[in-house]
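Taking it in order: structure first as C-alpha cells, then the write-up.
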Amino acid sequence: SNNVYIAPSILSANFAKLGDEVADVERGGADWLHVDVMDGHFVPNLTFGPLVLQAIAPQTNLPLDVHLMIEKPEEYVPAFAQTGAHLITVHAEACVHLHRVLHLIKEQGVKAGVAINPATPASAVREVLEDVDLVLVMTVNPGFGGQAFIPATLRKIRQLKAWKEELGLSHLRIEVDGGIAAATAPLVVEAGADVLVAGNAVFGQADRQAAMAEIRESLAG
Ligand code: DX5
Ligand code: ZN
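Plus 1 on top of the position in the sequence shown (first one is 1) and you've got full-length UniProt numbering.
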C-alpha cells in the first residue's frame, strides 16, 4: 500500500560516506530517514548526536525521523529540533513525565512520537495517544541493527491500531522498528503498522532501490 512509509535507518549505513548513503536511499524511494540516537545508558551502544543530524539535514529533502534511545531525552530535544528533526520520538521507559516531554517536543515545532520496548505493554502509551503524531513499537530490543523480529509484538500493534480507530486518530502513524524486511513487513502491516523502519534490509543490500521495492512488493499480494 502507498500509505505505508519506508524509513531506512542510517544505523546500518556506511558512516564514512553518510552523505552519499542518504542520497542513495532518497533516490531509491525512501519516504523518511530514520536516525537512531543512542547514549550507551538507555541502550548498550553509542551512535551520534545533533552535530551529525545538522550535517545530514541540508543534504536531503527526506523528513528526518529521530529516534532517541537515551536517558533524559528532554535535555536534548531542543538541540535535535534546532538541527533539523521533523519528528522526535522518545521512549516511554525513559520519561517519568512523558506527557510533559511530548509537549516540549511539540513546543519546538516538531512532530512528537512515543516508543515502547518489546517488554512494555501498549497501555504504557494509552493516555498519551491523543498527544502524539506517532507510536513506535520496537520489534527488537533496541541497541543494534540486524536483530531478529520478535513476533509477540504483533499483538501490541493490533491493540494500538484498535485504539487509534476507537479514538478517531486518523493522523496517528504506527511505526515498527527492528527486523523488518520483505518476510516480516506483511505481518506488521496487516496488524496495523504504517511506517516501516528498515536498517539492514535496505543498507545491507548493494541496490537500495531494489531492497525497498522488494519490501513494497511484499505488501502487494
Ligand atoms: C534498533 C534501532 C533500529 C535499527 C533497526 O535499536 O532502533 O532502528 O537500526 O535495524 P534493523 O532493521 O537492521 O533491525
Ligand atoms: Zn530506531
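Beta carbons: idealized from backbone N, C-alpha and C, even for Gly.
Small disclaimer: the values here were computed from a predicted structure and weren't measured.
| Quick one, which of Ala207, Phe204 and Glu191 has its alpha-carbon nearest Ser219's? | Reading the sequence shown from its first residue, position 218 is the one you call residue 219. Of Ala207, Phe204 and Glu191, the residue nearest in Cα terms is Glu191.
| Beta-carbon spacing of Ala194, Ile151 below 9 Å | Position 193 of the sequence shown, counted from the first residue, corresponds to residue 194. Position 150 of the sequence shown, counted from the first residue, corresponds to residue 151. No, the Cβ-Cβ distance between Ala194 and Ile151 is not below 9 Å.
| DSSP three-state assignment for Pro59, whether helix, strand or coil | Within the sequence shown, numbered from 1, the residue matching residue 59 stands at position 58. It is helical.
| message | Given this structure, state the Cα-to-Cα distance separating Glu166 from Ala17, to the nearest angstrom. | response | Stepping through the sequence shown from its first residue, residue 166 is reached at position 165. Stepping through the sequence shown from its first residue, residue 17 is reached at position 16. Rounded to whole angstroms, Glu166 to Ala17 spans 43 Å at the Cα level.
| message | Looking at the secondary structure, which residues open and close the alpha helix (DSSP H) in which Thr154 lies? | response | The count along the sequence shown starts at 1 and reaches residue 154 at position 153. Note, Thr154: alpha helix (DSSP H), Thr154 to Glu167.
| field | 9 Å Cβ cutoff met for Asp134 and Lys162 | value | For the purposes of this step, residue 134 is taken as residue 133 along the sequence shown, with counting starting at 1. For the purposes of this step, residue 162 is taken as residue 161 along the sequence shown, with counting starting at 1. Result no, Cβ atoms of Asp134 and Lys162 do not sit closer than 9 Å.
| task | Would you mind stating whether His92 and Leu69 have Cβ atoms separated by less than 9 Å? | result | For the purposes of this step, residue 92 is taken as the residue at position 91 of the sequence shown. For the purposes of this step, residue 69 is taken as the residue at position 68 of the sequence shown. Their beta carbons are under 9 Å apart, which means His92 touches Leu69 by this criterion.
| message | Just to confirm my understanding: we take Val198, look at its own chain, exclude 5 residues before and 5 after, and list those with CB closer than 7 Å. What are they? | response | Within the sequence shown, numbered from 1, the residue matching residue 198 stands at position 197. If we look at Val198 and ignore the five residues flanking it on each side, its Cβ neighbours are Ala8, Ser10, His35, Glu176, Val177, Asp178 and Ile181.
| request: Taking Glu27 as part of the alpha helix (DSSP H), name the residues at either end of that continuous run. | output: Position 26 of the sequence shown, counting from 1, holds the residue named residue 27. Segment Leu19 to Arg28, the alpha helix (DSSP H) holding Glu27.
| query | When you compare only the Cα positions, how much space is there between Gly20 and Phe204? | reply | Position 19 of the sequence shown holds residue 20. Position 203 of the sequence shown holds residue 204. Answer to the nearest angstrom: the Cα atoms are 13 Å apart.
| task | Compute every distance between the C-beta of Leu12 and the non-hydrogen atoms of ligand 1, then say whether any falls below 8 Å. | result | In the sequence shown, the residue the question calls residue 12 occupies position 11. Indeed, a heavy atom of ligand 1 lies less than 8 Å from the Cβ.
| said: Threshold first: 4 residues or longer. Then list the alpha helix (DSSP H) segments lying entirely within the segment 94 to 137, N to C. | reply: 99 to 108
| request: State the start and end residues of the unbroken beta strand (DSSP E) segment that holds Leu187. | output: Start at 1 with the first residue of the sequence shown, and residue 187 comes out as number 186. Residue identity check: residue 187 is Pro in the sequence provided, not Leu. No beta strand (DSSP E) holds Pro187; the alpha helix (DSSP H) holding it covers Ala186 to Ala192.
| CB-CB under 6 Å to Leu173, same chain, minus the five flanking residues each way: which ones, in chain order? | Reading the sequence shown from its first residue, position 172 is the one you call residue 173. Around Leu173: Lys165.
| message | So, for Arg209: in the same chain, excluding its five sequence neighbours on each side, which residues have a beta-carbon less than 6 Å away from its beta-carbon? | response | As a first step, residue 209 must be located in the sequence shown, where it is residue number 208. If we look at Arg209 and ignore the five residues flanking it on each side, its Cβ neighbours are Asp25, Val26, Gly29 and Val203.
| request: Would you mind working out which of Ile57, Leu105 and Ala86 sits nearest Asp132, comparing C-alpha positions? | output: On the sequence shown, position 131 is the one that residue 132 refers to. For Asp132, the nearest C-alpha among the options comes from Leu105.
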